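Residue numbers (my numbering): 16 to 518.
Using N, Cα and C, we set each Cβ at its ideal position, and we do this for glycine too.
Just so it is clear, the structure is predicted and the values come from calculations on it, not from any experiment.
Below is one structure, written out as structure tokens; the observations come after it.
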Ligand code: HEM
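Here's what the structure looks like:
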């Protein structure tokens with residue numbers, strides 16, 4: 016009997032010991048790294064309440080950190096562990112490091128567990144196509160984008176002969192995705208319903224899938240990913256994108272080479288050209304489809320959100336409508352109202368209004384985030400170990416220079432006036448100019464490369480709305496809806512409708 020039971024007992028003891036050791040190592044490995052800097056809200060001692068507060072009102076948490084610790088680094092308790100926030104001034108230190116040393120993309124990928132959600136994919140082909148090709152050709156696209164925007168409003172919006180409620184989140188998703196697709200995949204692909212659906216849904220699947228998978232222990236995620244429906248959808252989105260693109264790619268391949276016809280001018284073309292010039296043998300149709308999805312993810316939701324904020328601000332402040340309309344009429348008077356590239360540069364009041372709207376409702380309250388890929392020591396001696404994500408507290412309005420006037424007021428023409436002071440200021444205070452005082456598009460050499468394109472898209476769409484519609488809030492509300500926070504991300508209230516009436 017005894018001899019029969021001994022091996023069983025030994026085996027059980029061994030199993031128990033193994034489980035204990037693995038669990039201890041796992042707990043130790045998961046133990047969030049803590050930093051030797053003060054914690055916002057430490058006195059409360061309720062970790063779960065602190066985490067929930069970060070998720071729901073990170074703006075207030077960061078403001079509290081700023082007020083209590085001013086120029087000092089502090090940390091915040093988050094569901095992903097403690098996070099270090101740097102005062103704005105440290106952006107100067109970090110911007111000295113290149114993207115392989117301090118990476119914005121890796122920080123973003125980590126946040127959304129990009130290894131699983133597929134966004135941990137940095138591509139020189141994609142970056143070059145945006146930074147160089149897209150920006151070089153921007154001026155040529157004004158007519159095309161304007162045309163696509165008009166087509167979208169005509170086909171997607173109700174007639175609005177009388178005041179009609181419009182769900183901006185829904186309608187502008189369509190306008191922005193179609194107008195962007197005009198440049199990313201060209202015509203007629205930009206009107207392909209399935210493509211538009213696929214390229215906009217992918218970002219949502221990444222966000223939701225990432226959050227759901229994060230609820231699982233990291234060791235279980237390789238298996239757990241198959242239980243999260245959005246993770247399956249992400250794989251499906253990639254496959255669908257490839258299937259949808261293939262006919263277009265084959266059509267292009269079949270076109271006879273004609274040196275007299277200039278090559279197509281869109282991101283499909285630029286990506287293919289770049290891959291060819293770089294001799295990148297790994298680039299194929301599948302990779303092209305993936306890069307298109309990633310570009311759409313970076314471009315569409317950010318631009319749509321900036322537009323919604325601007326329209327909420329406009330609906331709440333009708334006194335801006337007339338001067339903005341006058342500016343549009345004035346700059347386009349010699350082309351009978353048709354927009355040309357120089358008109359967008361000349362719309363300085365509109366540019367200022369957009370920048371002020373974005374100052375009050377930025378995409379995030381910590382737009383400058385970097386993952387240290389190498390150990391980094393900041394100018395105050397603070398050591399950032401490799402693998403750590405740090406971010407700057409970039410949305411403290413009180414930090415605005417005194418010359419900007421009351422930082423808390425909504426002054427839509429603040430930057431218009433500042434630009435008028437000197438030629439240097441005329442550039443510095445543009446919507447698409449990231450500076451130390453305006454980090455809504457990030458800062459330094461890795462600031463958003465799509466900002467000029469976004470600026471043009473937003474101007475074209477706002478100019479269209481201003482020229483064709485009156486807008487106001489339902490029930491005569493004169494206050495814009497309060498923003499929602501999800502962690503550091505600033506979201507526009509999706510429950511509010513704006514009334515549109517055609518003029
Ligand atoms: C209003 C619209 C937009 C906003 C608010 C926005 C904001 C940002 C911000 C804050 C960053 C991080 C910059 C940093 O960490 O220094 C970023 C990066 C990026 N954005 Fe945008 N973006 C917008 C539109 C676009 C568009 C239209 C595109 C593509 C055409 C785009 C492509 C990218 C890419 C590829 C990066 C990563 C850059 C890199 O790592 O070098 N964005 N964007």
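(request) To the nearest angstrom, report how far apart residue 115 and residue 103 are at their CA atoms. (result) Rounded to whole angstroms, residue 115 to residue 103 spans 22 Å at the Cα level.
(request) Report the three-state DSSP secondary structure of residue 405 (helix, strand or coil). (result) Looking at residue 405 - three-state DSSP - the assignment turns out to be strand.
(message) Considering just the uninterrupted stretch of the beta strand (DSSP E) at residue 384, what are its terminal residues?
(response) Segment 384-387, the beta strand (DSSP E) holding residue 384.
(request) Let me know if residue 171 comes out buried or exposed under the rule of 16 or more other beta-carbons within 10 Å of its beta-carbon. (result) So residue 171 counts as exposed.
(request) Examine the Cβ distances between the segment 137-154 and the segment 246-253 and report whether three or more of them are shorter than 8 Å. (result) The segment 137-154 and the segment 246-253 do not touch, with fewer than 3 CB-CB distances between them shorter than 8 Å.
(message) Beta-carbon within less than 8 Å of residue 223's beta-carbon, same chain only, minus the 5 sequence neighbours each way: which residues are those?
(response) Hits under 8 Å: 245.
(request) Look at the Cβ atom of residue 369, then the Cβ atom of residue 321, and state whether they are nearer than 9 Å. (result) Closer than 9 Å, so yes.
(request) With DSSP as the reference, please indicate the residues paired to residue 485 in a beta bridge. (result) Answer is 516, bridged to residue 485.
(request) Identify which residue in 338, 485 and 239 has its Cα closest to the Cα of residue 174. (result) For residue 174, the nearest C-alpha among the options comes from 485.
(request) Closer than 6 Å by C-beta to residue 427: which residues in its own chain qualify, once you throw out the five before and the five after it? Chain order, please. (result) These residues qualify, in order along the chain: 335, 368 and 371.
(request) Would you mind reading off the limits of the alpha helix (DSSP H) that contains residue 504? (result) Taken as a continuous stretch (DSSP letters only), residue 504 belongs to no alpha helix (DSSP H), being part of the beta strand (DSSP E) at 504-506.
(request) Identify every residue that forms a DSSP beta bridge with residue 154. (result) In DSSP, residue 154 forms no bridge with anything.
(request) Using three-state DSSP, classify residue 500 as helix, strand or coil. (result) Residue state, collapsed to three classes: strand.
(message) With a threshold of 8 Å (Cβ to nearest heavy atom), would residue 385 be considered close to the ligand HEM?
(response) Result yes, Cβ under 8 Å from the ligand HEM.
(message) Along the chain, where does the alpha helix (DSSP H) containing residue 224 start, and where does it finish?
(response) Unbroken alpha helix (DSSP H) run through residue 224: 208-229.
(message) Please report the distance separating the alpha-carbon of residue 362 from that of residue 475.
(response) Distance between the alpha carbons of residue 362 and residue 475: 10 Å.
(request) Answer with buried or exposed for residue 281, where buried requires no fewer than 16 other C-beta atoms within 10 angstroms of its C-beta. (result) So residue 281 ends up on the buried side.
(message) So, with DSSP's three-state summary, where would you put residue 424?
(response) In the three-state reduction of the DSSP assignment, residue 424 falls in the coil class.
(request) Determine which residues share a DSSP beta bridge with residue 179 and list them. (result) Paired residues: 515.
(message) Taking 8 Å as the cut-off, does the segment 511-518 touch the segment 175-192 (at least 3 CB pairs, one atom from each stretch)?
(response) Yes: at least three Cβ pairs fall under 8 Å.
(request) Please determine, among 482, 468 and 506, the residue with the shortest C-alpha to C-alpha distance to residue 195. (result) For the residues 482, 468 and 506, the minimum Cα distance to residue 195 belongs to 468.
(message) Between residue 84 and residue 406, how many whole angstroms is the CB-CB distance? I'm expecting something under 8 Å.
(response) The beta carbons of residue 84 and residue 406 sit about 15 Å from each other, so the pair does not count as a contact at 8 Å.
(request) State the Cα-Cα distance for the pair residue 494 and residue 316, rounded to the nearest angstrom. (result) Cα to Cα, the separation comes out at about 24 Å.
(message) Below 8 Å, is the gap between the Cβ of residue 466 and the nearest heavy atom of the ligand HEM?
(response) Yes, the Cβ of residue 466 comes within 8 Å of a heavy atom of the ligand HEM.
(request) Measure the CB-CB distance between residue 160 and residue 471 and report whether it falls below 9 Å. (result) Result yes, Cβ atoms of residue 160 and residue 471 sit closer than 9 Å.
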